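First residue of the sequence shown: 2, per our numbering; consecutive thereafter. We put the beta carbon where it would ideally sit given N, CA and C, even for glycine. For clarity, every value in this text was computed on a predicted model and none was experimentally measured. Scroll down for the structure; my scribbles are underneath it.
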Amino acid sequence: MHKSLDTLATVQMFQNENCCFSPASIQVIEQNLSNPTPLETLLADINQDFAVPLLAQCRQIAEADGIVTEAESKVLDQITQALVKDKAVENTTESAKESVQTVKRGLFQFWKRSAKPS
């Protein structure tokens with residue numbers, strides 16, 4: 002299956018199971034599959050007020066088929082690192098390593114809560 006079609010199928014499966022995307026969102030996803038915006042560009046535009054819920058939504062999409070692939074995991078890690086970087090944490094210090102782990106633990110707890118069925 003073509004990668005774009007596979008991605009759209011995953012989004013549609015997630016939509017059917019969780020009813021979380023509006024028809025307008027699905028349309029935007031379909032339109033952008035052929036020429037996606039680079040992740041770095043998207044990460045630069047993240048509103049920090051919505052960053053953690055957005056990351057949780059990305060995690061749910063990655064887990065929608067029951068498997069988080071290496072590529073999906075790398076993207077989730079890249080998003081997490083961007084969140085930490087935006088909080089002015091330098092990755093080269095010991096305190097930054099602690100901060101990264103603290104953020105990851107917090108995000109993990111958020112993901113666990115958001116993944117529980119209502």
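Three-state class that DSSP yields for residue i in the structure shown
i, result
"F51", "helix"
"L34", "coil"
"T81", "helix"
"S23", "coil"
"I62", "helix"
"V76", "helix"
Anticipated Cβ contact below 8 Å, residue i with residue j, distance rounded
i, j, result
"E73", "A63", "4 Å"
"C59", "L77", "6 Å"
"V69", "L108", "Not really, about 14 Å apart at Cβ, beyond 8 Å."
Residue i: CB within 7 Å of a non-hydrogen atom of the ligand GDP
i, result
"F51", "With respect to the ligand GDP, the structure shown offers nothing to examine, as it has no ligands at all."
Residue burial classification, residue i (beta-carbon count within 10 angstroms, cutoff 16)
i, result
"L84", "buried"
"T81", "buried"
Span of the alpha helix (DSSP H) around residue i
i, result
"L43", "L40 to A45"
Own chain residues within Cβ distance below 7 Å of residue i, not counting five before or after
i, result
"M33", "The sequence as given places Asn at residue 33; Met does not occur at that position. Contacts found: none."
Residues near residue i by beta carbon distance below 8 Å, same chain, minus five either side
i, result
"P39", "none"
"Q79", "L40 and L44"
"F51", "none"
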